[in-house]
Every structure is written in structure tokens, then in C-alpha cells.
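Undergrad: In this note's numbering, each residue carries its 1-based index in the sequence shown increased by 5.
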Amino acid sequence: MEPAELAHGLFEVLATGAPALAADVVHEEFHNREAAVAPAACALPGPAGVLASGAWMRSAFSDLRFPVLGTARTRPPKVGHRGLG
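(1) Return the first residue and the last residue of the alpha helix (DSSP H) that Glu17 is part of.
(2) Which same chain residues end up closer than 8 Å to Gly22 when comparing Cβ atoms and leaving out the 5 residues on each side of it in sequence?
(3) When burial is assigned at 16 or more other CB atoms within 10 Å of the CB, is Pro52 buried or exposed?
(4) Below 8 Å on the Cβ atoms is my guess for Leu49 versus Val30; work out the distance and round it to an integer in Å.
(5) Unbroken alpha helix (DSSP H) runs of length 4 or more, entirely within the stretch 45 to 81: which are they?
(6) To the nearest angstrom, report how far apart Gly75 and His13 are at their CA atoms.
(7) For Phe71, tell me which candidate among Ala25, Pro8 and Ala20 has the shortest Cα-Cα distance.
(8) Tell me where the alpha helix (DSSP H) around Ala27 begins and ends.
This is how it looks when you write it as C-alpha cells:
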């Protein structure tokens with residue numbers, strides 16, 4: 006999967022809570038650096054923590070979405086700019 010697809014997938018997981026997609030796009034060693042101010046489950050590594058973070062955000066924002074505001078491509082990484090909608 007391309008970096009941009011991974012990034013889009015991550016935001017889709019946060020917005021929808023799709024566990025199969027989380028398993029596809031989130032590395033097992035992923036850690037949420039902002040979890041110190043979130044529920045404890047958000048600090049879990051890998052897909053479980055991302056799914057917990059998404060559930061927490063969706064509980065606060067009933068129509069959580071992350072529209073793409075722009076993208077940039079450099080070699081090798083790609084960067085996406087998203088807003089909280």
C-alpha cells in the first residue's frame with residue numbers, strides 16, 4: 006500500500022472504526038503520542054489503540070470526518086493535510 010493510501014486509511018479508521026481496515030493500515034508498534042490526555046485504551050499499541058482513539062473522538066464528534074484539504078508528495082514520503090470536519 007502506498008504511503009498516501011495508508012494515511013487516508015488511518016483517518017478512515019478514526020472516522021468509522023473499521024477493524025479490518027485498522028489491521029491493514031496501522032503498524033503493530035504504532036503509539037498515539039497524544040494518549041496521555043485520552044482514555045487509557047487509546048495508549049494501547051497498534052490497531053487497538055487507534056480504534057480506541059477513534060471511538061473516543063466519535064463520542065465527542067457525532068459526525069467525525071477528516072476531509073482532505075490538500076496533499077504534497079516528496080521523495081520518499083507523502084504528506085496529507087486534513088481538517089477536522
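Positions of the beta carbon are idealized from the N, C-alpha and C atoms, including for glycine.
TA: So, from the listed chains and residues:
(1) Element bounds for Glu17: Pro8 to Thr21.
(2) These residues qualify, in order along the chain: Leu56, Gly59, Ala60 and Arg63.
(3) The residue in question, Pro52, is buried, as its Cβ has 16 or more Cβ neighbours within 10 Å.
(4) 16 Å between Cβ atoms; not a contact.
(5) Annotation: the stretch 45 to 81 contains the following complete segments of the alpha helix (DSSP H) (minimum length 4 residues), in chain order: 51 to 65.
(6) Each residue's alpha carbon lies about 12 Å from the other.
(7) It is Ala20 whose Cα lies nearest to the Cα of Phe71.
(8) Judged by DSSP secondary structure, Ala27 falls within the alpha helix (DSSP H) whose first and last residues are Pro24 to Val30.
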